[in-house]
Amino acid sequence: MSENSSNLNRNLEILNIKFEKFIKFIYNSEKSIIKISENKSYILNDNPKLKELLKQKLDIQFEGTNKYWYIPQKQVEILSSNVIKSFSNEDLENMKKKIYEYVGSIKEEDLRKPIKEIFDSVPDFFKKPAASKLHHNYQGGLAQHTIEVYDLALSMANVILNSKEIDINLDLLKAGALLHDIGKNFCYEIDDIGYIKNTKIKIYHDHIVYGIKIVSQYVESKYLDDLIHIIASHHQLEEWGSPIEPKTNEAWIIHLSDNLSSKIFRKYI
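Residue numbering for the sequence shown is 40 to 308, as defined by our numbering.
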């Protein structure tokens, strides 16, 4: 059995266990789609929240002629190459402990103290998803993504600093890694079945603008403008949500680390 077939079979098993009260997923090899068999007629239409969740996570479509819901071929290919999940593999308390250890490693008190206060003020941060669709879109995904960005950024910085020709402020880099997505804490809500809802803050501001607001309220440091720049530029391009491209070494490292985490560690459902 190929890895893709193994992933698809495992994912079908996970889906059928997760939604067994409502529907069953059946792979159609001839059409390369996954047909959805409803336990009773119109069960998805009678459960709009469940239907929206399946649209959000699996891009389900309706076949009008024969009257059934299905997962299209493009999404089947994704399910064949990724293992789906609803929760982070990492223990939430362990991730919380690790992030507080990372905060404690910052030597600059004017950064360390307010960053701790920020995390103290958002206890739900460690349960939040990092996105609704694109990456780490599950409970604990935001904390996991933050840890990955921090680890990648510090590893990259250590390689660069070995050259002894380029200056990197490690405290600023750590602060940027920890806070680059802090605004996302207020952008998403996730319920018990894994449905992720965009909040008013997500719709009106999005995470970069709101993250800058939070940092500006808490941080009084000579590095505040540099930290704001890291948050503002970490998506690099305007079409990706950043009003400005990275201009500093620290901002470039955070952008690259964020991009790598969101692409390499991308997960579904």
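Ideal placement from N, C-alpha and C gives every residue a C-beta, glycine not left out.
Beta-bridge annotation (DSSP): Y66 is paired with I73. When DSSP states are grouped into helix, strand and coil, F58 belongs to the coil group. Approximately 4 Å separates the beta-carbon atoms of L83 and K90; this is inside 8 Å, confirming the contact. With respect to the C-alpha of Y109, the residue from E77, I138, E129, I269 having the closest C-alpha is E77. It is roughly 40 Å from the alpha-carbon of I186 to the alpha-carbon of K70. The Cβ atoms of P111 and I72 sit closer than 8 Å to each other. A check of alpha carbon separations from E156 across I235, K172, L218 identifies L218 as the nearest. If you check the CB distance, I240 and F225 come in under 8 Å.
Here L200 has I207 as same chain residues with Cβ atoms under 7 Å from its own Cβ, once five neighbours each way along the sequence are excluded.
Excluding the 5 residues flanking it on each side, D245 has same chain C-beta neighbours closer than 8 Å at G222, C226, G280, in chain order.
The beta carbons of A182 and I293 sit no closer together than 8 Å.
When rounded, the separation of the alpha-carbon atoms in I138 and D220 is 13 Å. The residue among D210, L211, A196 with its C-alpha nearest the C-alpha of E204 is A196. Straight-line measurement puts the Cα of I75 at about 9 Å from the Cα of I99.
For the pair P153 and K213, the Cα-to-Cα distance works out to about 13 Å.
When secondary structure is reduced to three states using DSSP, K236 falls in the strand class. At the C-beta level, V254 and I270 come within 8 Å of one another. Pairing S296 with V188 gives a Cβ-Cβ distance under 8 Å. Every alpha helix (DSSP H) of 4 residues or more that sits fully in the segment 133-171 is shown, in chain order, as 148-160. Taking 8 Å as the cut-off, the beta carbon of I251 is found no closer than this to the beta carbon of K167. Judged by DSSP secondary structure, Y257 falls within the alpha helix (DSSP H) whose first and last residues are 245-257. In the structure shown, F304 adopts coil according to DSSP, grouped into three states. Separation of the CB atoms of S144 and N43 is rounded to 41 Å, and the pair is thereby denied contact status at 8 Å.
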